[in-house]
Amino acid sequence: RAVTVSIPDVTDFAATPDLRLVGWNGTQWVNLGQTATGSTEGSTLSGTIPANATITALGIGSVSEALPVTLGRFDVKLEGQIVRVSWDTHTEINNDYFEVMRSTNLQDWLPLGRVKGQGTTQTKHSYTFVDEKPLGGISYYQLRQVDFDKTVHTSPVRSVNNPLAQQQAGQVSVYPNPANNKVVVKIPQVSKEVTVQLFNASWQHTNVPAVLRDSNYELDVTQLTPGLYFLQITAGQGSQSVQKLLIQH
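Structure representation (structure tokens):
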């Protein structure tokens, strides 16, 4: 079951990066949730008590434990018009799944898809994920490994350069930026193969239509909450461009 506790007196989270909700199972303290990294004063800590566990006390602390996955090879390669992400594991403990993430700036990460893990195993396993619509230019890839208790671990970052897709996508102009009520997307050589989609900061689709007018795409953003958004433009044979958009009312 889910448990949430208040931690109003903790202020220096930078000095306690491993702070999390822990529980006493009668023998030892065990982690019940993710760390509080990035939290602010007055935050709460959340965790989950497994259905088959007997927890007699709750606390706030950090429990060192072995990494759930021993990662071996992790490669990202451009193969024609796709990017192939492949990796090996030597051991896995309570591994639910991997999530493949992509970024253009090492700050904003887009989840591309999930690959099911092996649970617990001492045998080597190989995994592959195909990014069928890679971005033009340099992209960064990372693995998010998620346990059954939703604890998350991240892999090192790999990069790949896709100059062909960058050339196909052309130079995309987005204006005004910041935007208030209307956004114009100017794309060289507009065709029926072009799609323009607007996502919020969590990469959820906003369902705002992009209307083609005078060789440009226009989006009405008057009803959107102010903040950071991402415009994803797909053109040609799967080539993409992602542009940041700030909405202010």
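Residue numbers (our numbering): 81 to 329. Don't be surprised by glycine CBs; every beta carbon is placed ideally from N, CA and C. Keep in mind the model is a prediction, meaning the values are calculated, not measured.
Do the CB positions of residue i and residue j come within less than 8 Å of each other?
i	j	result
Gln320	Leu215	yes
Tyr207	Ser253	no
Val149	Gln225	yes
Leu112	Thr128	yes
Gly45	Ile135	With the chain covering 81 to 329 only, the question about residue 45 has no answer from this structure.
Lys204	His233	no
Asp211	Ile173	no
Val276	Ile327	no
Asp176	Asp227	yes
Val288	Leu304	yes
Which residue marks the beginning of the beta strand (DSSP E) containing residue i, and which one marks its end?
i	result
Gln225	217-227
Pro236	No beta strand (DSSP E) holds Pro236; DSSP gives it neither H nor E.
Val195	189-201
Per DSSP, which residues does residue i bridge with? Please list them.
i	result
Ile140	Leu101
Thr150	Thr171
Val265	Val254, Tyr297
Val210	Arg164
Please name the residue, chosen from the options, that lies closest to residue i on a Cα-to-Cα basis.
i	options	result
Val301	Ser282, Ile313, Leu325, Thr314	Leu325
Ala190	Ala281, Thr314, Pro289	Note that residue 190 corresponds to Leu in the displayed sequence, not to Ala. It is Ala281 whose Cα lies nearest to the Cα of Leu190.
Leu292	Asn105, Thr286, Glu273	Glu273
Leu278	Thr184, Tyr309, Ile327, Arg194	Tyr309
Leu101	Thr305, Thr231, Leu304	Thr231
Quick check on residue i - is its C-beta less than 8 Å from some C-beta in chain D?
i	result
Val240	Of the chains in the structure shown, none is chain D; there is only one protein chain.
Cβ pair count under 8 Å reaching 3, the stretch 177-187 against the stretch 221-238: A contact exists between the stretch 177-187 and the stretch 221-238.
The stretch 259-269 touching the stretch 293-308, judged by at least three CB pairs closer than 8 Å: At 8 Å Cβ cutoff, the stretches touch.
Sufficient close CB pairs (3 or more, under 8 Å) joining the stretch 189-200 to the stretch 153-164: These segments do not touch.
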